[in-house]
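**Student:** Here you go, one structure.
Protein chains: 2
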Amino acid sequence: MENACKHLKTRGIKPSYQRIKIFEYLLRNRNHPTVDMIYRKLVPRIPTLSKTTVYNTLNLFIEKEIASIIIIEENETRYDADTSVHGHFKCRKCTKVYDLDIDLSKIDIPMLAEHSVTEHHFYFKGICKNCR
Amino acid sequence: MENACKHLKTRGIKPSYQRIKIFEYLLRNRNHPTVDMIYRKLVPRIPTLSKTTVYNTLNLFIEKEIASIIIIEENETRYDADTSVHGHFKCRKCTKVYDLDIDLSKIDIPMLAEHSVTEHHFYFKGICKNCR
DNA sequence: TCCATTTTTGTAATCATTACAAAGTATGGT
DNA sequence: ACCATACTTTGTAATGATTACAAAAATGGA
């Protein structure tokens, strides 16, 4: 994935080994991982990896807007390489998080119009089609 | 507010002094308080109040569905006595959280239809009308 | 009043995240 | 190639929110 490296550069992020690996993980695993999931998956290949580095790197990605934060449960911060406007559905039973396409033109919230909105978050919970 | 007491009873919650006070706080202050805000406001009037009690009580309210959780920032859990479907807008500048009326019939998210949804969460960030 | 149950309380434990400083790595000029 | 400087990574310790737990207090019948 030379891809990841270039993507980092274009956003003004120096493509260090750790940053590339973490970003590649986000690109490949579209399962909205937590810091811990990323750390545990990468540390066998990068034995010196520190959890602090994962935190630092993700915070950098958020700041440079190449990743976004997903909060569905308290105390469970997840990350997503998809920074476009979209939503999430979490199944209470299997705990899987589904992505939802969101067409903003089909979302009518009059009271929003008076403010200047920079972030849109939509998430839902329930039982997914497979668990019903 | 005899109101609060009755409301608790109808949901099968024994109306202890602390529970009534905490619920009244939620009813009066529609500003989406954190546990700490509730605790600090009530402890002068209830000197023996423990933060653990506030946590326990709010968790009970959530379980019995007379209050709901609002998560807009990581590490900042807020509570709301309004359990109806509605949204929130948080201003980055003044940090105020506005309520948004949401008309679900005007929200079209096709991919949601295949699941069975029990919770709807909508939140937005940006700069509010007063701060622009 | 006495007993059983529930509620409250304080302390300690847990867990995710951040602060911080030391060690390591890259970079650019000479 | 060498050095000075800046940036990145790392480990440990600190922080802060939340929960676990057990003792104390309050409640509500019989």
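Going line by line, the protein sequences match chains A and B.
As numbered in this note's numbering, residues 1 to 132 make up the first sequence, in order.
As numbered in this note's numbering, residues 133 to 264 make up the second sequence, in order.
Glycine is no exception: its CB is placed at the ideal position from the N, C-alpha and C atoms.
All of these numbers come straight from a predicted model, not from anything done at the bench.
Do A:Tyr123 and A:Ile72 come within 8 Å of each other at the CB atom, strictly closer than that value?
**Tutor:** Yes. Within cutoff.
**Student:** Note down, in chain order, each residue of its chain lying with its Cβ closer than 7 Å to the Cβ of B:Arg143, except the 5 sequence neighbours on either side.
**Tutor:** Once the five neighbours on either side are set aside, the close Cβ partners of B:Arg143 are Lys196, Ile198.
**Student:** For A:Phe89 and A:Leu100, which I take to be in contact (beta-carbon distance under 8 Å), what is that distance rounded to the nearest angstrom?
**Tutor:** With a Cβ gap of about 6 Å, A:Phe89 and A:Leu100 count as contacting.
**Student:** For A:Val35 and B:Glu206, I'd like the C-alpha separation in whole angstroms.
**Tutor:** Each residue's alpha carbon lies about 13 Å from the other.
**Student:** Since B:His252 and B:Arg210 should fall inside the 8 Å C-beta cutoff, what is the C-beta to C-beta distance between them, to a whole number of angstroms?
**Tutor:** Contact doesn't hold; Cβ gap of about 17 Å is too wide.
**Student:** Residues in the same chain with beta-carbon distance under 6 Å from A:Leu58, minus the five sequence neighbours each way, listed in chain order, please.
**Tutor:** Hits under 6 Å: Tyr79.
**Student:** Can you grab the Cα-Cα spacing for the pair A:Ile107 / A:Ser116, in whole Å?
**Tutor:** Each residue's alpha carbon lies about 16 Å from the other.
**Student:** Below 8 Å on the Cβ atoms is my guess for B:Ile259 versus B:Arg224; work out the distance and round it to an integer in Å.
**Tutor:** With a Cβ gap of about 6 Å, B:Ile259 and B:Arg224 count as contacting.
**Student:** Could you run through the segment 109-123 of chain A and flag, in chain order, every residue whose CB is less than 7 Å away from some CB of chain B?
**Tutor:** Cβ contacts with chain B: Ile109, Met111, Leu112, Glu114, His115, Ser116, Val117, Thr118, Glu119, His120, His121, Phe122, Tyr123.
**Student:** Smallest Cα separation from B:Arg264: which of A:Cys131, A:Lys129, A:Glu114?
**Tutor:** Checked all of A:Cys131, A:Lys129, A:Glu114; the closest Cα to B:Arg264 is A:Glu114.
**Student:** With A:Lys129 as the anchor, note down where its beta strand (DSSP E) starts and where it stops.
**Tutor:** Element bounds for A:Lys129: n/a, residue is neither H nor E.
**Student:** Ordered along the chain, which non-local residues of its own chain (more than five positions away) have a Cβ less than 7 Å from that of A:Val147?
**Tutor:** Because chain A spans 1 through 132 in this model, residue 147 of chain A falls outside it and cannot be assessed.
**Student:** Quick check: is the beta carbon of A:Leu26 nearer than 8 Å to any beta carbon in chain B?
**Tutor:** No, A:Leu26 does not count as interfacial toward chain B.
**Student:** Of all the CB atoms in chain B, is at least one closer than 8 Å to the CB of A:Lys96?
**Tutor:** So no, A:Lys96 is outside the interface.
**Student:** If you draw a straight line from the C-alpha of B:Ile145 to the C-alpha of A:Asn56, how long is it?
**Tutor:** Cα to Cα, the separation comes out at about 44 Å.
**Student:** Take A:Leu8 as the anchor and find which of A:Ser50, A:Leu60, A:Arg28, A:Val43 has the nearest alpha-carbon.
**Tutor:** Ranking A:Ser50, A:Leu60, A:Arg28, A:Val43 by Cα distance to A:Leu8 puts A:Leu60 first.
**Student:** What residues match up with B:Glu251 in a beta bridge as DSSP calls it?
**Tutor:** According to DSSP, which records beta bridges pairwise, B:Glu251 is partnered with A:Lys125.
**Student:** In the DSSP assignment, what residue or residues form a beta bridge with A:Leu8?
**Tutor:** A:Leu8 pairs with nothing; no bridge assigned.
**Student:** Starting from the Cα of B:Pro242, find the closest Cα among A:His86, A:Lys51, A:Leu42 and give me that residue.
**Tutor:** Out of A:His86, A:Lys51, A:Leu42, A:His86 has the C-alpha closest to the C-alpha of B:Pro242.
**Student:** Following the continuous alpha helix (DSSP H) through A:Thr77, name the residue where it begins and the one where it ends.
**Tutor:** Taken as a continuous stretch (DSSP letters only), A:Thr77 belongs to no alpha helix (DSSP H), being part of the beta strand (DSSP E) at 76-80.
**Student:** What residue range is occupied by the uninterrupted beta strand (DSSP E) comprising B:Asp235?
**Tutor:** Looking at the DSSP string, B:Asp235 is not in any beta strand (DSSP E), and its letter there is neither H nor E.
**Student:** Within 10 angstroms of its Cβ, does A:Arg28 collect 16 or more other Cβ (buried), or is it exposed?
**Tutor:** Classification of A:Arg28: exposed, given that the 10 Å Cβ count is below 16.
**Student:** What does DSSP give as the partner residue(s) for A:Ser68 in the beta ladder?
**Tutor:** Paired residues: A:Asp80.
**Student:** Compute the beta-carbon to beta-carbon distance between B:Leu158 and B:Ala213, rounded to the nearest angstrom, for a pair I have assumed lies under 8 Å.
**Tutor:** With 8 Å as the limit, B:Leu158 and B:Ala213 qualify as a contact, their Cβ atoms being about 4 Å apart.
**Student:** Would you say B:Phe221 faces chain A, with C-beta separation under 8 Å as the test?
**Tutor:** Yes, B:Phe221 lies at the interface with chain A (some Cβ there is under 8 Å from its Cβ).
**Student:** Name the chain A residues whose beta carbon is nearer than 8 Å to that of B:Glu206?
**Tutor:** Residues of chain A passing the Cβ test: Ile69, Ile71, Thr77.
**Student:** Does DSSP put A:Lys14 in a helix, in a strand, or in coil?
**Tutor:** DSSP places A:Lys14 in coil when its eight states are reduced to three.
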